[in-house]
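There are 4 protein chains.
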Amino acid sequence: MTRLVSDRYGKAGIRLVQVTRGPGAHEVTDLTVDVLLTGDFAAAYLEGDNRDVLPTDTLRGTVYAFAGDGPVGEPEMFGLRLARHFLSASPAAGTAEVALVGDPWVRLGPHGFRRDGGWRRTARAVAGRDGEAVFGGVRDLVLLKTAGSAFSGFPRDAYTTLEETEDRLMATAVEAEWRYGPGADHGACARELPAVLASAFDAHDSRSVQHTMAAMAAAALDARGELDEIRMVLPNRHHLPVDLTPYGREDRGEVFVATDRPYGHIEGTFRR
Amino acid sequence: MTRLVSDRYGKAGIRLVQVTRGPGAHEVTDLTVDVLLTGDFAAAYLEGDNRDVLPTDTLRGTVYAFAGDGPVGEPEMFGLRLARHFLSASPAAGTAEVALVGDPWVRLGPHGFRRDGGWRRTARAVAGRDGEAVFGGVRDLVLLKTAGSAFSGFPRDAYTTLEETEDRLMATAVEAEWRYGPGADHGACARELPAVLASAFDAHDSRSVQHTMAAMAAAALDARGELDEIRMVLPNRHHLPVDLTPYGREDRGEVFVATDRPYGHIEGTFRR
Amino acid sequence: MTRLVSDRYGKAGIRLVQVTRGPGAHEVTDLTVDVLLTGDFAAAYLEGDNRDVLPTDTLRGTVYAFAGDGPVGEPEMFGLRLARHFLSASPAAGTAEVALVGDPWVRLGPHGFRRDGGWRRTARAVAGRDGEAVFGGVRDLVLLKTAGSAFSGFPRDAYTTLEETEDRLMATAVEAEWRYGPGADHGACARELPAVLASAFDAHDSRSVQHTMAAMAAAALDARGELDEIRMVLPNRHHLPVDLTPYGREDRGEVFVATDRPYGHIEGTFRR
Amino acid sequence: MTRLVSDRYGKAGIRLVQVTRGPGAHEVTDLTVDVLLTGDFAAAYLEGDNRDVLPTDTLRGTVYAFAGDGPVGEPEMFGLRLARHFLSASPAAGTAEVALVGDPWVRLGPHGFRRDGGWRRTARAVAGRDGEAVFGGVRDLVLLKTAGSAFSGFPRDAYTTLEETEDRLMATAVEAEWRYGPGADHGACARELPAVLASAFDAHDSRSVQHTMAAMAAAALDARGELDEIRMVLPNRHHLPVDLTPYGREDRGEVFVATDRPYGHIEGTFRR
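Chains S, Y, V and X, in that order, are what the protein sequence lines are.
In this text, residue positions in the first sequence follow the working numbering: the first is 1, and each later residue adds one.
In this text, residue positions in the second sequence follow the working numbering: the first is 1001, and each later residue adds one.
In this text, residue positions in the third sequence follow the working numbering: the first is 2001, and each later residue adds one.
In this text, residue positions in the fourth sequence follow the working numbering: the first is 3001, and each later residue adds one.
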């Protein structure tokens, strides 16, 4: 006999573009939505009994139907409205989670837009039988600093060949997610925090990626009192100096090769 | 004051190809390795004090050095040797996790190989101060069945437009990870289980993806008594019938469009 | 005044899965189809006059409608039937080109299949007012050899630091396209040539990727007299030996790092 | 006997990041460089004779060495300097082509930068025994318009089900490459033309993607007299209206699903 220990199901990659046609200009909202339900669905897995399984196609349709009610607004609250609905629509579900990734568009004219690839906004809402949680975030915010980054004072063992450095390039692609406290202004946080994180990265006198991450987290928690917590993942995208001396060039530390793999993976969760 | 609530760091995407040069023929092992350490690294984050931070470059070097000791063997044990070493080399670490993805190569001749894209093998070892766990798995095993797949008997609400069906295409890309019990034969499990999972998928009279997942999990747990648990993720890659009647063709249910997004996401964890 | 010097339009990424439901077993054909029309469409570009522009949605629909007529058969002839049709359906077109990529599926049972990721089959048909051409091919055939590969005797200049070697790893992902002569057996060529190319790669005593490419091309032209010409692209996927001496390991030339970028790009077109 | 009909080789994906350390602030240049040589390399292919084959590793090293001589400047001229050098360094080459893709970075502070994902700049230089050509361009410039886009007046056949529309969404990712005439200001063109193309897209009363492409090309040729020619590729990224009536919602034409595949492919080359 097989037992189901835990389970989860839903629909991923629901692409929603909403155009709000105002008198003078249009607005565009561009979201990719994932819906996930957790709960007691053992009968479906073990007996093929689907009576509790709201179809994933229904999850998809609900997202579009809710968008049909009018402007979706901030993705956090759109996600929360959906999560609450799914919890109600699926009695077998213990929690409903809606995760959204927003592609930002920059206005060219009243009806024209250019996609801004500087970063993508994220939001996530979790509704459970015992409570709710709402998250905002940013992804694909790529940063580089050419001064103010060191890495030294680390332990050495038989496999350590890395030299200590007081001056290296540091590059990363920020992934950050913060949990909102009550009364949070989601839109203001989402608009302000990418720049706050980038400025903290820029200004920091860094001893390591970890060290800079904590400074970025502190800046975010300082800037917006509504944040209860912030979690960050920073890949260390290594830029290696190219040795030019074999080519008869003096080495002035200006030429680097940007590498894809391997990369450092640094993550941390911070509170006040 | 910022507090560090949790943290993790390591190196991802370490590409290792090992050639074992036997007298008659060569063997090839092709792994991509991620190393992650969890523990008390707060001084690095909050004070920029790196004295406990074994560099991620050292994690990388250690993987290559261990491969220099001879054939790495099954990835599970190579991962466990590395995880144990990292736990010892990093006193501040509470756990060391090594995750490996293996690309399979098929022999063409004594020194020639073709990559088999049918699936990728995975392994994972976690060493902690209180114990260890070892996992095997498979990824990117893409399956399709053209009969024996239904989806009906599900609940309907105001957003449900999906019709019930007793005969649909079902396609997925299997991601499975099993936890080994003591004394497990890792190589035998890794070689046998992809075919076991595929056969169970093929043979099952499916009421849903969830239903088939449980049958696949049961087959794996039956086939190898060493498995304590198996976790699976099965995307439902929808194949939609194309309506040919506007083109004056009779509809015989033979022409489908394979869609990328959205897709169903189904996951479950199973034990005996 | 702007002039249109050349133009082309069509539909890309048409995903077609055809199930042929035989009495004992089903067959699956999985194709991704691109259609491109070249011709005199200047009125559309310069004047916004669409009277000659068969919609790309019609190109898509035609692909599905033709599949509705019964088993598509070998992709080369399915492509040619489509290309001929489009040339007839679009009087303004000078040529119609249909390119197809086929994903192979391996049978598990009468109605169950596993995708074989060893390589993808390609086909291309071009119909013009003055004649036709039909091509077959293979893509994503990944090969590696651990002996029999040298690179030496090359010229050296002030920027050459590469050492000569008589023994290196050689890896590539084969992309080959052959043009069929009249009366060719497309299916036989497509089934036989991937193995012919792989065997030639394996058996060759290589002085360079270029050298091995020519041997592979010769083997293909030898194996199938129907081929008029073969064009190949072979990326040189570099595998660099890892220096283990800093870690106190003897260097036995068995540990390599597989790199993604940069890579060598080698291409050539061959005839008898 | 196998004959070599045509050939080409080189190095692709050379990642170059250059930091220019001025007294007050740093500058960053981020390029990915491909080098391709065409010529008479038959001896390498057919006889394994490498005496004319400048190693691709040398091509890589030369790119870094040239960057070691000081700021690379505009990518067009850096590419042309390299192409001329390679033509000289490789007597067997008939042409040397250097293609560059630049990732733009936005300044955060004197030593800090954020990557701007709005588009990528491209450049290409071809040096041959008989002359030279230099190209600039833009890639990944994603545009959307929610009004001013129609598609009607097209021919209909038995496979045409598309309805005529006077009001649809139009979205694309611009790929444009222009050939410079003599005396061109490469930097000014590269900085000005993405906005010129985006504005023309925005302002145009579109009858089709082809129609808008011609307007964009005309605007570019008008804005910069140095351009001899411009070639554009515009995928038509379809946004399909979602029918909300099954969910009891009035259909106001505001909710769309953005699709990935299939997509229209439109290309054209324009001169004055």
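Virtual Cβ for every residue (Gly too), placed ideally from N, Cα, C.
Applying the criterion that 16 or more other CB atoms from any shown protein chain within 10 Å of the CB defines a buried residue, is Leu240/S buried or exposed? By one-based count along the first sequence, residue 240/S stands at place 240. Within a 10 Å sphere around the beta-carbon of Leu240/S sit fewer than 16 other beta-carbons, which makes this residue exposed.
Taking the alpha helix (DSSP H) that Gly3022/X falls in, what are its first and last residues? Locating residue 3022/X in the fourth sequence gives position 22, counting from the first residue. Note, Gly3022/X: premise wrong, no alpha helix (DSSP H); not H, not E.
By DSSP, does Ala96/S sit in helix, in strand, or in coil? Position 96 of the first sequence, counting from 1, holds the residue named residue 96/S. In the three-state reduction of the DSSP assignment, Ala96/S falls in the strand class.
Distance, Phe270/S Cα to Thr1002/Y Cα: Taking the first residue of the second sequence as position 1, residue 1002/Y is located at position 2. Taking the first residue of the first sequence as position 1, residue 270/S is located at position 270. Between the alpha carbons of Thr1002/Y and Phe270/S lies a distance of about 7 angstroms.
Roughly how many angstroms lie between the CA atoms of Phe2113/V and Asp1202/Y, to the nearest whole one? Start at 1 with the first residue of the third sequence, and residue 2113/V comes out as number 113. Start at 1 with the first residue of the second sequence, and residue 1202/Y comes out as number 202. Approximately 8 angstroms between the Cα atoms of the pair.
With C-beta atoms as the reference, is Asp1052/Y less than 8 angstroms away from Gly153/S? The residue you call residue 1052/Y lines up with position 52 of the second sequence. The residue you call residue 153/S lines up with position 153 of the first sequence. Going by C-beta atoms, Asp1052/Y is not nearer than 8 angstroms to Gly153/S.
Comparing alpha-carbon positions, which option in Val2255/V, His2026/V, Ser2208/V and Leu2193/V lies nearest Arg2107/V? Counted from its first residue, the third sequence places residue 2107/V at position 107. Checking every option, the nearest Cα to that of Arg2107/V belongs to His2026/V.
Against chain Y, which members of the region 80 to 104 of chain S pass a CB distance test of less than 7 angstroms? Residues of the region 80 to 104 of chain S with a Cβ closer than 7 angstroms to any Cβ of chain Y, in chain order: Ala89.
Which two residues bound the contiguous beta strand (DSSP E) that contains Ala2176/V? For the purposes of this step, residue 2176/V is identified with residue 176 of the third sequence, where counting begins at 1. In this chain, the beta strand (DSSP E) harbouring Ala2176/V covers Met2170 to Tyr2180.
Straight-line Cα distance separating Pro2055/V from Cys2189/V: For the purposes of this step, residue 2189/V is taken as the residue at position 189 of the third sequence. For the purposes of this step, residue 2055/V is taken as the residue at position 55 of the third sequence. Approximately 34 angstroms, taken between the alpha carbons.
Flag Glu2164/V as yes if its beta-carbon sits less than 8 angstroms from any beta-carbon of chain Y, otherwise no. Stepping through the third sequence from its first residue, residue 2164/V is reached at position 164. With its beta carbon at least 8 angstroms from every one in chain Y, Glu2164/V lies outside the interface.
Between Pro246/S and chain V, is any beta-carbon pair separated by less than 8 angstroms? Here residue 246/S is taken as the residue at index 246 of the first sequence, counted from 1. By the rule that beta-carbons nearer than 8 angstroms mark a contact, Pro246/S touches chain V.
Does Thr1161/Y get closer than 8 angstroms to chain X when you measure Cβ to Cβ? Numbered from its first residue, the second sequence carries residue 1161/Y at position 161. Yes - at least one Cβ of chain X is within 8 angstroms of the one on Thr1161/Y.
With three or more C-beta pairs closer than 8 angstroms as the rule, is the region 2157 to 2170 of chain V touching the region 1140 to 1148 of chain Y? Judged by pairs of C-beta atoms under 8 angstroms, the region 1140 to 1148 of chain Y does not touch the region 2157 to 2170 of chain V, as fewer than three such pairs exist.
Buried or exposed: Ala1158/Y, going by 16 or more other Cβ atoms within 10 Å of its Cβ? To locate residue 1158/Y, count along the second sequence from 1; it is residue 158. Ala1158/Y is exposed by the Cβ-count criterion.
Between Glu192/S and chain X, is any beta-carbon pair separated by less than 8 angstroms? Working through the first sequence from its first residue, we reach residue 192/S at position 192. Put simply, the CB of Glu192/S is far from chain X, with every gap to its CB atoms at 8 angstroms or more.
Between which residues of its own chain and Ala3092/X is the CB-CB distance below 7 angstroms, once the five residues before and five after are set aside? By one-based count along the fourth sequence, residue 3092/X stands at place 92. Excluding residues within five positions, the ones whose Cβ falls inside 7 angstroms are Gly3039, Asp3040, Phe3041 and Asp3052.
Quick check: the Cα distance between His111/S and His2186/V, rounded to an integer number of angstroms? To locate residue 111/S, count along the first sequence from 1; it is residue 111. To locate residue 2186/V, count along the third sequence from 1; it is residue 186. Cα to Cα, the separation comes out at about 50 angstroms.
Minimum C-alpha distance to Gly1070/Y - residue among Gly1094/Y, Gly1225/Y and Gly1022/Y: As a position in the second sequence, residue 1070/Y is number 70, starting the count at 1. Looking only at Gly1094/Y, Gly1225/Y and Gly1022/Y, the smallest Cα-Cα distance to Gly1070/Y is reached by Gly1022/Y.
Let me make sure I understand the geometry here. Which of Gly131/S, Arg121/S, Glu74/S and Gly68/S has the alpha-carbon closest to that of Glu97/S? Position 97 of the first sequence, counted from the start, is the residue given in the question as residue 97/S. Selection Gly131/S, Arg121/S, Glu74/S and Gly68/S evaluated against Glu97/S yields Gly131/S as nearest (Cα-Cα).
So the candidates are Gly2102/V, Val2005/V, Ile2230/V and Gly2118/V; which of them puts its Cα closest to the Cα of Trp2178/V? Residue numbering aside, residue 2178/V sits at position 178 when the third sequence is read from its first letter. Residue Ile2230/V is the option with its Cα nearest to Trp2178/V.
Could you spell out where the beta strand (DSSP E) holding Tyr263/S opens and where it closes? In the first sequence, counting from the first residue as 1, residue 263/S sits at position 263. Tyr263 to Arg271 is the extent of the beta strand (DSSP E) around Tyr263/S.
Have a look at Tyr1247/Y and Ala3198/X and give me their C-alpha separation to the nearest angstrom. Here residue 1247/Y refers to the residue found at position 247 when the second sequence is read from its first residue. Here residue 3198/X refers to the residue found at position 198 when the fourth sequence is read from its first residue. Looking at the backbone, the Cα of Tyr1247/Y and that of Ala3198/X are separated by about 38 angstroms.
Using the Cα positions of Gly1068/Y and Gly3013/X, report the straight-line distance between them to the nearest angstrom. By 1-based counting over the second sequence, the position of residue 1068/Y is 68. By 1-based counting over the fourth sequence, the position of residue 3013/X is 13. The straight-line gap from Cα to Cα measures roughly 29 angstroms.
Strictly under 8 angstroms for the Cβ-Cβ distance: is Asp140/S near chain V by that measure? Residue numbering aside, residue 140/S sits at position 140 when the first sequence is read from its first letter. Not one chain V Cβ lies under 8 angstroms of Asp140/S.
Counting only beta-carbon atoms, is Gly2048/V nearer than 8 angstroms to chain X? Stepping through the third sequence from its first residue, residue 2048/V is reached at position 48. Yes - at least one Cβ of chain X is within 8 angstroms of the one on Gly2048/V.
Give the range of the beta strand (DSSP E) segment to which Gly136/S is assigned. Here residue 136/S is taken as the residue at index 136 of the first sequence, counted from 1. In this chain, the beta strand (DSSP E) harbouring Gly136/S covers Gly131 to Lys145.
Taking DSSP as the reference, what is the three-state secondary structure of Thr3161/X? Working through the fourth sequence from its first residue, we reach residue 3161/X at position 161. Here Thr3161/X sits in coil by DSSP.
Given a threshold of 16 other Cβ atoms within 10 Å of its Cβ, counted over all protein chains shown, does Ala1195/Y qualify as buried or as exposed? Numbered from its first residue, the second sequence carries residue 1195/Y at position 195. Under this definition Ala1195/Y is an exposed residue.
In angstroms with no decimal places, state the Cα-to-Cα distance between Glu3192/X and Val255/S. By one-based count along the fourth sequence, residue 3192/X stands at place 192. By one-based count along the first sequence, residue 255/S stands at place 255. As the crow flies, the alpha-carbon of Glu3192/X is around 28 angstroms from that of Val255/S.
Helix, strand or coil for His186/S? Go by DSSP, reduced to three states. Working through the first sequence from its first residue, we reach residue 186/S at position 186. If DSSP states are grouped into helix, strand and coil, His186/S belongs with the helices.
So Val3209/X packs on Ile3266/X, CB below 8 angstroms; how close in whole Å? The residue you call residue 3209/X lines up with position 209 of the fourth sequence. The residue you call residue 3266/X lines up with position 266 of the fourth sequence. About 5 angstroms; that satisfies the 8 angstroms criterion.
Can you check which of these residues, Asp1034/Y, Leu1037/Y, Asp1103/Y and Asp1260/Y, is closest to Leu2016/V by C-alpha distance? What you label residue 2016/V is simply residue 16 of the third sequence in a count that begins at 1. Nearest Cα to Leu2016/V within the set Asp1034/Y, Leu1037/Y, Asp1103/Y and Asp1260/Y: Asp1260/Y.
Alpha-carbon to alpha-carbon, Pro3075/X and Arg2237/V: On the third sequence, residue 2237/V is found 237 positions in, with the first residue counted as 1. On the fourth sequence, residue 3075/X is found 75 positions in, with the first residue counted as 1. Roughly 26 angstroms separates the two Cα atoms.
Taking 8 angstroms as the CB-CB cut-off, is Tyr2009/V touching chain X? Within the third sequence, the letter at position 9 stands for residue 2009/V. Closer than 8 angstroms: yes.
Beta-carbon of Asp1116/Y versus every beta-carbon of chain X: anything under 8 angstroms? Residue mapping note: residue 1116/Y aligns to position 116 of the second sequence, counting from 1. For Asp1116/Y, the closest Cβ of chain X is not nearer than 8 angstroms.
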